[in-house]
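Asker:
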Amino acid sequence: MPLRFYNTLTQQVQPFVPVEPNVVRMYTCGPTVYDYAHIGNFRTFVFYDLLRRVLRLNGLKLDHVMNITDVDDKIIRNAVAQGKSLADYTNLYTQAFLDDCATLRLERPERLARATEHIPEMATAIRKLEESGHTYRSDGSVYFRISTFPGYGKLSHNDFEGMVAGARVDVDSYDKTDARDFALWKAPKPGEPSWDTEIGSGRPGWHIECSVMAIEFLGATLDIHAGGVDLIFPHHENEIAQAEALTGKPFANYWLHSEFLLVDGQKMSKSLGNFYTLRDLCGELGHAPEAIRYLLASAPYRKSLNFTMDSLRSAATAIDRLRNFKLRLESAKFDDGRNTKIVDAGEEAVRTFYHALNDDLNTAEALAAIFEFVRETNIAMDEGQFFSGNREGALNVLRDFDSFFDVLKPTAPAGGLPDAEIDRLVAERTAAKKARDFARSDRIRAELLEQGVILEDTKDGVRWKRK
RNA sequence: GGCGCGGUAGCCAAGUGGUAAGGCCAGGGUCUGCAAAACCCUUAUUCGUCGGUUCGAUUCCGACCCGCGCCUCCA
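First residue of the first sequence: 41, per our numbering; consecutive thereafter.
Structure, rendered in structure tokens:
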């Protein structure tokens, strides 16, 4: 199946065709680095990662830009409150964000763009918008006049016609002339950071940052612009207005939006206080990053996903099942031969897997295909119908799975026994067991368990894994 | 009020105009010195409610009920 996505702009699932064959110019809205990101935020960042992977699976080369908003009201407020410079304050959370992304195995975009490093370009864009009559000034701030952009509302499918027609344009007013008008440039305030630019002193509004950096790096028309659904209005709507007023060209061909992570049926958010950071979950609560990644990836991105500790444990168990399967494939002894039914099942699973991913990233269906294969193959192994010639093919199914989901490799524990030491203890226990010294063998088993190592006695011998 | 999303088993969650994927939990079993682990099996006559179209609807249409989100910053 050719790759296809649901496009918020057209409200339809459409085949994905980049402007330039084989290359995808993509812009995704990144974090505002005023605090640690919570896992609701990371649902969207995981979505970007999956999006990148599915595009590459389709042979497309990526040119992906993600912004880091390192200047905004909250950042300024917090930095001032802590007596820190803007840079000191934002560097801390930028690094934390990047570390968290690495923990969740998120691929790095080709480019990360920090807003404060592109202020002159923003000023130039605003000047051009002023020259073409899309703006007005008020108290040193510059506002975008949405009545000058007829397409306003086309992304969020809001009809602002009546409002715009009825708006009285009062050039001399110091207020916004229309409730929907938004700030491109904010006047400097005492005690707050500001930049001297060709349009005067001040700092950029949030929306202009994305439009300008996207155009700067990727050109007037993007293939994909993505973000969370809460950004559709007003952020992305405003981005379109600015960018298209500036270039006269469509800003993005495909708009992709991920749904929220919910807690007890409500949006996870800082303001509601119902959030967990990655550090909360992986630190004191002891959850594995892979489980979080799996959970966030397991439901299709356009469906809101209810987060519970149960679902997180459930994700961890599901990963265990896959790891056990892999371990069994690698360690069990099989008779010579090859079962073509298993070969066919593997091919079918992989086919269904990719088919589902190409269908607007249907990760739930993709997972189902893999688990079905796992069950079929386990049964074959139980019945002695799985042979050495099947091993490689079955492992390849898992490799395909993991090149996308990326959860099979356990995150290395800090400290812990080295492999060689574990092997030694296992051998010691096996010897004790053979001598029917069960007290001793049980003691070694318990010791290893305490160190987070689980032993499994199988008919082909003992194997171990880390918890 | 406008716009958008959703209501499928105990929980999470796919899906199709032809009779309900998958994961977790639970129960049962295989294996085992005992365990643990692992593996297997079982678990929705039913898809928010009521109408309509149809040979047939969970799937299409209409109405209604409920939940959530955006409309101010927000992934």
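Don't be surprised by glycine CBs; every beta carbon is placed ideally from N, CA and C.
#1: Under 8 Å, do ASP155 and VAL111 count as touching if we go by C-beta distance?
#2: Is it right to say HIS158 is buried, meaning 16 or more other beta carbons lie within 10 angstroms of its own, or is it exposed?
#3: Classify ASN364 as helix, strand or coil using the three-state DSSP reduction.
#4: Identify whether VAL493 lies in helix, strand or coil by the three-state DSSP scheme.
#5: Tell me which same chain residues have a C-beta within less than 6 Å of the C-beta of ALA127, skipping the five on either side of it?
#6: ALA409: buried (16+ other C-beta within 10 angstroms of its C-beta) or exposed?
#7: For THR84 versus TRP246, is the C-beta spacing smaller than 8 Å?
#8: Quick one: Cα of GLU238 to Cα of MET162, how far?
#9: Just to confirm, are HIS265 and TYR67 a CB contact at a threshold of 8 Å?
#10: Is the stretch 299-315 close to the stretch 359-368, with three or more CB pairs under 8 Å?
#11: Counting pairs of beta carbons, one from the stretch 433-451 and one from the stretch 482-499, are three or more of them closer than 8 Å?
#12: Does the stretch 138-153 come into contact with the stretch 96-104, if we say contact requires no fewer than three beta-carbon pairs (one atom in each stretch) closer than 8 Å?
#13: What span of residues does the alpha helix (DSSP H) with VAL383 cover, start to end?
#14: Under a Cβ-count criterion, where at least 16 other Cβ atoms within 10 Å of its own Cβ denotes burial, should ARG469 be classed as buried or exposed?
#15: With a threshold of 7 Å on Cβ separation, who are the neighbours of ARG503 within its own chain once the five nearest residues in sequence on each side are excluded?
#16: Going by CA-CA distance only, name the one from GLN122, ALA404, GLY268 that's closest to GLY80.
#17: Ends of the beta strand (DSSP E) at SER234?
#18: Is TRP225 near SER181, with beta carbons less than 8 Å apart?
#19: On the three-state DSSP scale, how would you describe GLY323?
#20: Please work out which residues of its chain come closer than 6 Å, Cβ to Cβ, to VAL53, disregarding the five sequence neighbours upstream and downstream, and give them in chain order.
#21: Going by C-alpha to C-alpha distance, which of ASN346, ALA389, LYS381 sits closest to PHE427?
#22: Please report the straight-line C-alpha distance between ASP236 and GLU299, rounded to a whole angstrom.
#23: Quick one: which unbroken beta strand (DSSP E) runs of 3-plus residues sit fully inside the stretch 147-201? Chain order, please.
#24: By Cβ distance below 7 Å, which residues in the same chain neighbour LYS373 in space, the five residues on each side in sequence not counted?
#25: Quick one: residues in its chain with C-beta nearer than 6 Å to the C-beta of PHE291, no 5 flanking neighbours on either side, listed in chain order?
#26: Could you check whether the stretch 324-338 touches the stretch 387-399, counting it as contact only if at least three pairs of C-beta atoms, one from each stretch, sit closer than 8 Å?
Answerer: Reading from the atomic positions:
#1: Note on residue identity: the sequence assigns Ala, not Asp, to residue 155. With respect to the 8 Å criterion, ALA155 and VAL111 are classified as neighbours on the basis of their beta carbons.
#2: Under this definition HIS158 is a buried residue.
#3: ASN364 sits in a helix when the DSSP states are folded into three classes.
#4: The answer is strand: DSSP assigns VAL493 an E or B state.
#5: None.
#6: Looking at its Cβ environment, which holds 16 or more other Cβ atoms inside 10 Å, ALA409 is buried.
#7: In this structure, TRP246 does not lie closer than 8 Å to THR84 by Cβ.
#8: Cα to Cα, GLU238 sits roughly 10 Å from MET162.
#9: Going by C-beta atoms, HIS265 is nearer than 8 Å to TYR67.
#10: Cβ pair count under 8 Å is below three, so no.
#11: At 8 Å Cβ cutoff, the stretches do not touch.
#12: In the pairwise beta carbon analysis, the stretch 138-153 is classified as touching the stretch 96-104: at least three pairs are separated by under 8 Å.
#13: For VAL383, the enclosing alpha helix (DSSP H) covers residues 380-398.
#14: Under this definition ARG469 is a buried residue.
#15: Excluding sequence neighbours, ARG503 sits near LEU367, SER371, GLU496.
#16: Closest in alpha carbon position to GLY80, among GLN122, ALA404, GLY268, is GLY268.
#17: Here SER234 belongs to no beta strand (DSSP E), and DSSP marks it neither H nor E.
#18: For TRP225 and SER181, yes; Cβs fall inside 8 Å.
#19: DSSP places GLY323 in coil when its eight states are reduced to three.
#20: The beta carbon of VAL53 lies closer than 6 Å to those of ARG44, TYR46, ASP400 in the same chain, with the five residues before and after it left out.
#21: When only C-alpha atoms are compared, the closest one is LYS381.
#22: For ASP236 and GLU299, the distance between alpha carbons rounds to 38 Å.
#23: As far as the stretch 147-201 is concerned, its whole beta strand (DSSP E) runs of at least 3 residues are 151-154, 175-178, 181-184.
#24: Once the five neighbours on either side are set aside, the close Cβ partners of LYS373 are ASP500.
#25: Around PHE291, the same chain offers ILE280, ALA283, GLU284 as residues with beta carbons nearer than 6 Å, after the five sequence neighbours per side are excluded.
#26: When Cβ pairs closer than 8 Å are counted between the two stretches, the stretch 324-338 is seen not to touch the stretch 387-399, the count staying below three.
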